[in-house]
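Accompanying notes for the structure given below.
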Amino acid sequence: MIRITVDGEPVQGRDGQTIAGVLVGAGRTAWRTSQTGDRGVFCGIGVCHDCLVTVNGVEGVRACRREAADGDRVEREVRA
Ligand code: FES
């Protein structure tokens, strides 16, 4: 098991899961706000960029492509 934080809240996942996998497994369906509303995972293969999050201070990380690591700090992105 791994533990990450999402906007400061602890969330557990499994080794090998992507950040999107951890978030969906925790019951979250949206974690980014864009001009068109709340977004989460859409394509799941790194193409659409709907799933962008900030990870350990790095903005614009595709949650569907980034493997979650124990201790990751994930933050929601809001872009108007
Ligand atoms: S869900 Fe499309 S890039 Fe991540």
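Here the sequence shown stands for residues 2 to 81, where the numbers follow this note's numbering. Positions of the beta carbon are idealized from the N, C-alpha and C atoms, including for glycine. Fair warning: this is a prediction, and the values are worked out from it, not measured in the lab.
Residue pairing of G38 in beta bridges, as defined by DSSP: S35. R63 has its CB nearer than 7 Å to a heavy atom of the ligand FES. Taking a contact as a CB-CB distance under 8 Å, the pair Q18 and A64 does not count as one, their CB atoms being some 11 Å apart.
Inter-residue distance for V23 and V7 is about 10 Å (C-alpha atoms, whole angstroms). Where G26 is concerned, the enclosing alpha helix (DSSP H) starts and stops at I20 to G26.
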